[in-house]
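J.: In this text, residue positions in the sequence shown follow our numbering: the first is 19, and each later residue adds one.
C-beta: ideal position from N, C-alpha, C; glycine also.
Since this is a predicted model, take the numbers as computed values, not measurements.
A single structure is presented below for examination.
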Amino acid sequence: MRTAAIRDLRTRFPKLEAWLRQGEPIFITKRGVHVASLVPAPAAGKRGAAVDFAAQMKRLWGEKRFSDHEARQMLRAARDEEEG
């Protein structure tokens, strides 16, 4: 892992950017103390696997279909839990 001072962000950013493009994370320091980390962004065009929400729902609930009233009750209960 590379290390750079906060001042380097202003004065040597092209060098730091090159490190990031090579996939290297960078520790940012201020007066020798680690204050932040810069990590490379995920490669452009690469996406994570798509989530199949319909399959998840089928695994959880099978063929059960909820009425509007049941769905509202579950939503109300979930909100009450969060506030509780």
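Is the Cβ-Cβ distance between T29 and F45 less than 8 Å?
T.: Contact flag unset, no.
J.: I'd like the span of the alpha helix (DSSP H) that includes R83, first residue to last.
T.: Element bounds for R83: n/a, residue is neither H nor E.
J.: What are the residues that DSSP puts in a beta bridge with A23?
T.: In DSSP, A23 forms a bridge with T47.
J.: Taking Q40 as the reference, give the member of L78, D26, K82, L56 with the closest Cα.
T.: Ranking L78, D26, K82, L56 by Cα distance to Q40 puts L56 first.
J.: Given this structure, state the Cα-to-Cα distance separating F84 from A59, to the nearest angstrom.
T.: The straight-line gap from Cα to Cα measures roughly 41 Å.
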